[in-house]
Amino acid sequence: MVDAIGSIDSIKKCVTATATKKGNVAFTLKDLRDNVLDCTLWDGLSVQFLDFYNNRANNGPVVMIIKHARVKEPQGVYPLQFTNVWNGTKLLFDTKIPEINVFLN
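In my numbering, each residue carries its 1-based index in the sequence shown increased by 1.
Have a look at this one:
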C-alpha cells in the first residue's frame, strides 16, 4: 500500500453503480514534480470523491491525499494506476493538513 498527494488534474470517466456494474471514477493527480498519476476509485470511495469534488465551495485547485492505495501494474493499454482497497483506503481533502497547504500555496 502507498500514499499519494496531488492536485486533481482531470476526471476521465465516471460510472454510476447499477445492478450489473460497480460505480467508479477514473482521474489523474499531478504531484509537485508535475508527474501525472492515474487513479481509479471504486464503490463508496468513488461516491465520496465525486460528492466532495462536485460540492466544493470554490473552483480553485482540488488537492487530495490518498492513503493506503494499491498500485496496479500496467496491463496492455492501461497504465500503472492507483486504486482503492476495499476497507483500507482513505481520501483526505482537509485544507488544514500542512501537506495539502504546500500544494495550495
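Cβ atoms here follow ideal geometry from the backbone N, Cα and C, with glycine treated the same way.
Taking the straight line between their C-alpha atoms, what separation do you get for residue i and residue j?
i    : j   : result
L81  : P75 : 4 Å
N60  : D95 : 15 Å
N106 : P62 : 11 Å
K68  : K91 : 5 Å
I98  : L30 : 18 Å
V37  : T21 : 31 Å
L93  : Y79 : 26 Å
L33  : M2  : 21 Å
N88  : F28 : 20 Å
I101 : D39 : 19 Å
L77  : D10 : The sequence given here places Gly at residue 77; Leu does not occur at that position. Taking the straight line from one Cα to the other gives about 23 Å.
A58  : I66 : 18 Å
Do you know whose CA, among the options, lies nearest residue i's CA?
i   : options            : result
V64 : Y54, V72, R71, A70 : Y54
T19 : W43, S11, L30      : W43
G24 : D35, N102, G45     : G45
A5  : R71, V78, A58, T21 : R71
Between which residues of its own chain and residue i is the CB-CB distance below 6 Å, once the five residues before and five after are set aside?
i   : result
K73 : Q82, T84
S8  : K31, P62, V64, F104
Excluding the 5 residues flanking residue i on each side, which residues of the same chain have their C-beta closer than 8 Å to its C-beta?
i   : result
V26 : I12, K14, C15, V16, T41, L42, S47, F50, L51
V86 : M2, H69, A70, R71
Taking the runs of the beta strand (DSSP E) that are 3 residues or longer, which of them lie wholly in the stretch 67–95? 82–84, 91–93
Every unbroken beta strand (DSSP E) within the stretch 21–46, with a cutoff of 3 residues, ordered by chain: 25–31, 37–43
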